[in-house]
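J.: Starting off with a structure, shown below.
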Amino acid sequence: MDQYTTLYLVRHGETEANVTNTLQGQSDVLLNETGLRQAQLVGKRLREKPFDEIWSSDLSRAAVTAREIAGTREVKYSALLREWDLGEWVGLSWSDIAEKYPEESRKFSSGDPESLVPGGESRRQFYDRAAQVLQWITRDFCGKTVLCVSHGGLLRAIFYAAAEGGFHGNFLRTDNTCVCCLKYAHASGKWQLVCWNDTSHLDSQALSSGW
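Numbering-wise (my numbering), the sequence shown opens with residue 38 and increments by one.
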């Protein structure tokens, strides 16, 4: 019988930067009121799920979300699960970036894997980090069920790494506190998609503001 490792991925709750479409990158931004409500709801949904390991980005918006899910269980933290390091673009909107960094913005928007955010990670470096997350999970937690609470950009990069699909940009939706699940079949060495961007736990007062 094939052995499977199950990976649950959850994005953090909403922040004010999500509402204003401002880039957060690896800055430590707090959840807003809606984000706290979202974290409580995803926590209620997943609290009884028998995870063998619960890991989170060490940035507070993910950590708070993870602790709501964990309840009394241990949460471990890894910088590997942080959002894309967006360097000098943190705190700016996409329109600000297009105005202040026109050449870099065009290259970034084209999906060029070598596009480098000034002072931050290139697309290739970021996707390589996502691939490292998958390697870490399958190597260290073989046959277990693992939860990782992280960020929208990294969740998308992990999906593309699992699908072995290369560099696809930001076209895959990852709403705040979405639940995603992938399974790894060790015999075939392939990831299987179970669900993506499931926000059925959110009520009308906690609907996600978007990507």
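All C-beta atoms, glycine included, are put in the ideal place defined by N, C-alpha and C.
(1) Looking at the unbroken beta strand (DSSP E) that takes in D235, where does it start and where does it end?
(2) If you follow the beta strand (DSSP E) that S187 is in, where does it begin and where does it stop?
(3) Going by C-alpha distance, which of D165, E125, C232 is nearest E201?
(4) Excluding the 5 residues preceding and the 5 following A181 in the sequence, name in chain order all residues of the same chain whose CB lies nearer than 8 Å to its CB.
(5) From R239 to G50, what does the alpha carbon distance come to, in whole angstroms?
(6) Count the other CB atoms, across all protein chains shown, that sit within 10 Å of the CB of C215; report buried if there are 16 or more and exposed otherwise.
(7) Identify which residue in Q61, Y138, N69, K113 has its Cα closest to the Cα of A243.
(8) Expressed to the nearest angstrom, what Euclidean distance is found between the alpha-carbon atoms of N213 and T109?
(9) Any idea if S225 is buried or exposed, counting beta-carbon neighbours within 10 angstroms, 16 or more meaning buried?
(10) In the DSSP output, which residue or residues are listed as bridge partners for N222?
(11) So what does P91 bridge to, in DSSP terms?
T.: Based on what the coordinates show:
(1) 227-235
(2) 182-187
(3) D165
(4) In the sequence as presented, Ala is not what sits at residue 181; that position holds Lys. Closer than 8 Å at Cβ, skipping near neighbours: T42, T43, D89, E90.
(5) Position check: residue 239 holds Leu in this sequence, whereas Arg was assumed. Those two C-alpha atoms are separated by around 11 Å.
(6) buried
(7) N69
(8) 23 Å
(9) exposed
(10) Reading the sequence as shown, one finds Ala at residue 222 and not Asn. Partner(s): Y41, K227.
(11) Note that residue 91 is Ile in the sequence shown here, rather than Pro. In DSSP, I91 forms a bridge with L184.
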